[in-house]
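Colleague: In the UniProt record's numbering, the protein residues as written are 1 to 222.
We put the CB at the ideal spot given by N, CA and C, even for glycine.
Bear in mind that the values here come from a model prediction, so they are computed numbers and not experimental data.
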């Protein structure tokens, strides 16, 4: 649906607020990622939603809703037209071969250089593990690791479907290799973006297609 927000003032050329970056459908068959993104958009674009008002006041949102359009168009599940799993090439993307990944990394590096990159979340769907949860990174700095874990915990306090206990921040999940092809998750968006930017809040958000394991009891803050 078309959403038009009322402008309270002229749009600035340069935003002073930090940026939250969302991306989805690097794996074209993971349609649940689009479902999650639609939910995010419904909140941050709703002029009457109190959470949306607070978020818009404090952050800039940059969103790539469809990283792998050729894969979606052709009905692929994980790969692009060249047979690549694009979520393994964030480390050294090539403009001619991985243009969407190259462009995303370029934007994120520019945001980091001006000190505006705050949070990076790549949206996915999980066919095996039920529920909604995050994969994060194992950070060597304890204060950064606390910050890393804090955001998913806050999400669990505000979403009845987000399962904090299923989140994984281990080093093993950062270095694991795919069964076919042997490509490492070190090339994933979550790991690579943390390595090149140093931001602690770099995540993969996973959501099952149909079902969760439990419901969180929420406390209303408004």
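For the beta strand (DSSP E) that residue 204 lies in, which residues bound it at each end?
Modeller: Working through the chain shown from its first residue, we reach residue 204 at position 204. Note, residue 204: beta strand (DSSP E), 202 to 208.
Colleague: Residue 60 lies in the beta strand (DSSP E); which residues open and close that run?
Modeller: Looking up residue 60 in the chain shown gives position 60. Start and end: 60 to 64.
Colleague: Once DSSP output is grouped into helix, strand and coil, what is the label at residue 157?
Modeller: Looking up residue 157 in the chain shown gives position 157. Correct three-state label for residue 157: helix.
Colleague: When you compare only the Cα positions, how much space is there between residue 174 and residue 54?
Modeller: Here residue 174 refers to the residue found at position 174 of the chain shown. Here residue 54 refers to the residue found at position 54 of the chain shown. Distance between the alpha carbons of residue 174 and residue 54: 33 Å.
Colleague: Measure the alpha-carbon distance for residue 124 versus residue 29 and round it to whole angstroms.
Modeller: Reading the chain shown from its first residue, position 124 is the one you call residue 124. Reading the chain shown from its first residue, position 29 is the one you call residue 29. Each residue's alpha carbon lies about 10 Å from the other.
Colleague: Could you tell me the boundaries of the beta strand (DSSP E) in which residue 121 lies?
Modeller: Residue 121 sits at position 121 when you count from the first residue of the chain shown. Per DSSP, residue 121 belongs to the beta strand (DSSP E) from 117 to 126.
Colleague: Report yes or no: is there a C-beta of chain C within less than 8 Å of the C-beta of residue 52?
Modeller: The question asks about chain C, but that chain is absent: this structure has only one protein chain.
Colleague: Does the distance from the CB of residue 59 to the CB of residue 105 come in under 8 Å?
Modeller: Start at 1 with the first residue of the chain shown, and residue 59 comes out as number 59. Start at 1 with the first residue of the chain shown, and residue 105 comes out as number 105. Not in contact: residue 59 and residue 105 (Cβ atoms no closer than 8 Å).
Colleague: How far does the alpha helix (DSSP H) with residue 44 in it reach, from first residue to last?
Modeller: The count along the chain shown starts at 1 and reaches residue 44 at position 44. Element bounds for residue 44: 32 to 44.
Colleague: Going by the DSSP bridge assignment, what does residue 23 pair with across the sheet?
Modeller: Within the chain shown, residue 23 is the residue found at index 23, counting from 1. Bridge partners of residue 23: 64 and 122.
Colleague: Does the Cβ of residue 206 have 16 or more other Cβ atoms within 10 Å, making it buried, or fewer, making it exposed?
Modeller: Numbered from its first residue, the chain shown carries residue 206 at position 206. Buried.
Colleague: How about the stretch 180 to 187 and the stretch 77 to 89: do they share at least three Cβ pairs that are nearer than 8 Å?
Modeller: Taking 8 Å as the limit for Cβ pairs, the verdict is that the stretch 77 to 89 does touch the stretch 180 to 187.
Colleague: What separation, rounded to the nearest whole angstrom, lies between the Cα atoms of residue 170 and residue 139?
Modeller: Here residue 170 refers to the residue found at position 170 when the chain shown is read from its first residue. Here residue 139 refers to the residue found at position 139 when the chain shown is read from its first residue. Each residue's alpha carbon lies about 9 Å from the other.
Colleague: What distance in whole Å lies between the Cβ atoms of residue 66 and residue 24, which are believed to be in contact at a cut-off of 8 Å?
Modeller: Translated into the one-based positions of the chain shown, residue 24 becomes position 24. Translated into the one-based positions of the chain shown, residue 66 becomes position 66. Indeed, because the Cβ distance is near 7 Å, the residues count as touching under 8 Å.
Colleague: CB-CB under 8 Å to residue 177, same chain, minus the five flanking residues each way: which ones, in chain order?
Modeller: Walking along the chain shown from the start, residue 177 turns up at place 177. Contacts found: 183, 184 and 185.
Colleague: Which residues in the same chain as residue 156 place their Cβ atom closer than 8 Å to its Cβ, once the five residues preceding and following it in sequence are excluded?
Modeller: As a first step, residue 156 must be located in the chain shown, where it is residue number 156. Result list for residue 156: 162, 163, 164 and 216, in chain order.
Colleague: How long is the line joining the alpha carbons of residue 27 and residue 73, rounded to whole angstroms?
Modeller: For the purposes of this step, residue 27 is taken as residue 27 along the chain shown, with counting starting at 1. For the purposes of this step, residue 73 is taken as residue 73 along the chain shown, with counting starting at 1. Each residue's Cα considered, the two are about 12 Å apart.
Colleague: With 16 as the cutoff for other CB atoms within 10 Å, does residue 219 come out buried or exposed?
Modeller: Locating residue 219 in the chain shown gives position 219, counting from the first residue. With fewer than 16 Cβ atoms within 10 Å of its Cβ, residue 219 is classed as exposed.
Colleague: Whole angstroms are fine: how far does the CA of residue 77 sit from the CA of residue 142?
Modeller: Position 142 of the chain shown, counted from the first residue, corresponds to residue 142. Position 77 of the chain shown, counted from the first residue, corresponds to residue 77. Using only the alpha carbons, I get a separation of about 37 Å.
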